[in-house]
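Novice: Chains as they are written, first to last, in the working numbering: chain W, 80 to 394; chain E, 55 to 273. The beta carbon of each residue, even a glycine, is placed where N, CA and C say it ideally should be. Below you'll find the structure I mean.
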């Protein structure tokens, strides 16, 4: 046999197998389209689902809107220290060295003049006639990834230094902000989970409705000796088709709403980032969202299709 | 196909007996007619042969293999080889006559050319070739029954189960179907026909039995 003959035979075999699958599945594809077109109650429920599903991005917009201020403005942990009035520059240098030796900490020391200028600038008052005396102060900015425990212990450690008169940090505020952020993310995922279950339920109800439309055929197909799994296929295809359409609609509805306020949404929920125009990443995220919809709808349809049973009762 | 019922009994939950100790052997290529009155268990016997119901006692052997031990795949194959014709013609309303007849063949993955040949031949035998593109819902019950028979013939089955199909047929159609069944039987198909005692009719070479309250006796 020639060298090229075997791959050629394999190709012919594969094509013939593909054609056979196409021939056997042709009926189920056609039937699923027929069922999809004719299921009036199912389509009505599905439209209602779209409206319900739009609630996700709307909720997210509301939740993220209130969180944005805290998360955006208070992201970096920092401490503020005011030194005692009689402290020397040498002591301050030692304090800075001690503070900086831990992690990636940035320490800015403000001289009394600088602090005085800043203070009056912020108040909008002329400083020439002021007789107020300001002490030395330092602002310590911590890295973003620092844990709250480390931040707190470092702040307390530095505050107990003998040259420090008073100290403040945004530790409490950050704890509250991070808790709120976690709560919001949890809320988002729970909402998504509820929506997924709801979609599966809608699919189940509408597939059960389709069974009524399909019952005449089921009887005929069972008498023709078809396997129940073959008879179930059109219902499952129909559910999957519904999932594709609703997933796509849900996605575009979400995008339209997420366009308004979207950092959290884009970050956590894979929606398209219109502002960054990052199409490459968003394509895979779109796929995830649509796949989730298809899965929940197909699952509902599979459960409903399991209700098809060939039972004959003894009268 | 050889079908054997060995000591088969069937009862429902409240104790009603549909079949009582049935012992019956249908030899390969035999023509069997069972008559009985309403609720005598005729249809149940057919469902039992197809493996669609299980007997509470006894067993059914298909070509000497117990039907209860068939794998799911083999059971579906068995049911495809043993089509059931019922009193009410079960057809798919949205498909035309040709598609209705060809559907079981399509699902089996038979080639288009072979499907066309078999379907047109079956329709011709039942004198409904001209109705190929018609929708079943617009046709008379007798014609719909003939379509069901054509669907059955196109499958080239090893055995045919018939449940009182003559109810909707006129005398001319009955004659045509009788001749067709005899031809099928002569070509090797085992036939089991159950009918109401009032509609029994003579078919040459057939074996006659009577089912009375779940018990079988020679006619």
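1. Quick one: using the 10 Å Cβ neighbour count with 16 as the cut-off for buried, is residue 224 of chain W buried or exposed?
2. First and last residue of the beta strand (DSSP E) that includes residue 85 of chain E?
3. Would DSSP call residue 147 of chain E helix, strand or coil?
4. For residue 147 of chain E, which residues in chain W fall below 7 Å Cβ to Cβ?
5. Give the range of the beta strand (DSSP E) segment to which residue 157 of chain W is assigned.
6. CA-CA distance, residue 236 of chain E and residue 172 of chain E?
7. Mind checking the stretch 99 to 122 of chain W against chain E and listing, in chain order, the residues whose C-beta falls within less than 7 Å of any C-beta there?
8. Just mark residue 240 of chain E as buried or exposed, buried being the case when its beta carbon has 16 or more other beta carbons within 10 Å.
9. Taking C-beta pairs closer than 7 Å, name the residues in chain W that residue 161 of chain E reaches, listed in chain order.
10. To the nearest angstrom, report how far apart residue 98 of chain W and residue 110 of chain W are at their CA atoms.
11. May I have the straight-line CA-CA distance separating residue 230 of chain E from residue 203 of chain E, to the nearest angstrom?
12. Taking residue 299 of chain W as the query, report the chain E residues whose CB atoms sit under 7 Å from its CB, ordered along the chain.
13. In terms of DSSP beta bridges, what is residue 266 of chain E paired with?
14. Along the chain, which unbroken stretches of the beta strand (DSSP E) at least 3 residues long are found entirely within the stretch 191 to 235 of chain W?
15. Kindly indicate if chain W contains any beta-carbon less than 8 Å away from that of residue 229 of chain E.
16. Which residue or residues does DSSP assign as beta-bridge partners of residue 245 of chain W?
17. Start and end of the alpha helix (DSSP H) containing residue 200 of chain E?
18. Is the number of C-beta pairs between the stretch 216 to 227 of chain E and the stretch 182 to 192 of chain E that are closer than 8 Å three or more?
19. Have a look at residue 303 of chain W and residue 83 of chain W and give me their C-alpha separation to the nearest angstrom.
20. When DSSP builds the beta bridges, which residues end up paired with residue 245 of chain E?
21. Could you compute how far the alpha carbon of residue 117 of chain E sits from the alpha carbon of residue 104 of chain E?
22. Give me the Cα-Cα distance between residue 360 of chain W and residue 227 of chain W, rounded to the nearest whole angstrom.
23. Counting C-beta neighbours from all protein chains within 10 Å, is the total for residue 120 of chain E 16 or more, i.e. buried, or is it exposed?
Specialist: Reading off the structure:
1. Classification for residue 224 of chain W: exposed.
2. First-last of the beta strand (DSSP E) with residue 85 of chain E: 85 to 90.
3. If DSSP states are grouped into helix, strand and coil, residue 147 of chain E belongs with coil.
4. Neighbours of residue 147 of chain E on chain W, chain order: 295.
5. Here the beta strand (DSSP E) through residue 157 of chain W covers 157 to 162.
6. The straight-line gap separating the alpha-carbon atoms of residue 236 of chain E and residue 172 of chain E is approximately 19 Å.
7. The stretch 99 to 122 of chain W vs chain E, Cβ under 7 Å: 99, 102, 103, 105, 106, 113.
8. Answer is exposed; the Cβ neighbour count stays below 16.
9. The answer, in chain order, is 103, 106, 305, 309.
10. Rounded to whole angstroms, residue 98 of chain W to residue 110 of chain W spans 19 Å at the Cα level.
11. In a straight line, the C-alpha of residue 230 of chain E is about 11 Å away from that of residue 203 of chain E.
12. Against chain E, the beta carbon of residue 299 of chain W has neighbours under 7 Å at 144, 145, 146, listed in chain order.
13. Note: residue 266 of chain E sits in a beta bridge opposite E:269.
14. Runs of the beta strand (DSSP E) spanning 3 or more residues and lying entirely within the stretch 191 to 235 of chain W occur at 216 to 220, in chain order.
15. No Cβ of chain W is located within less than 8 Å of the beta carbon of residue 229 of chain E.
16. Per the DSSP secondary-structure output, residue 245 of chain W pairs in a beta bridge with W:161.
17. For residue 200 of chain E, the uninterrupted alpha helix (DSSP H) segment begins and ends at 195 to 208.
18. Because the criterion of three Cβ pairs below 8 Å is not met, the stretch 216 to 227 of chain E and the stretch 182 to 192 of chain E do not touch.
19. Taking C-alpha positions only, residue 303 of chain W is separated from residue 83 of chain W by approximately 43 Å.
20. In the DSSP secondary-structure assignment, residue 245 of chain E is bridged to E:85, E:214.
21. Computed Cα separation, rounded: 13 Å.
22. Caution applies to residue 360 of chain W, whose pLDDT of 49 falls short of 50 and renders its modelled position unreliable; the value that the coordinates give is listed next. Per the coordinates, the alpha-carbon of residue 360 of chain W lies some 32 Å from the alpha-carbon of residue 227 of chain W.
23. It is exposed - the Cβ of residue 120 of chain E has fewer than 16 other Cβ atoms within 10 Å.
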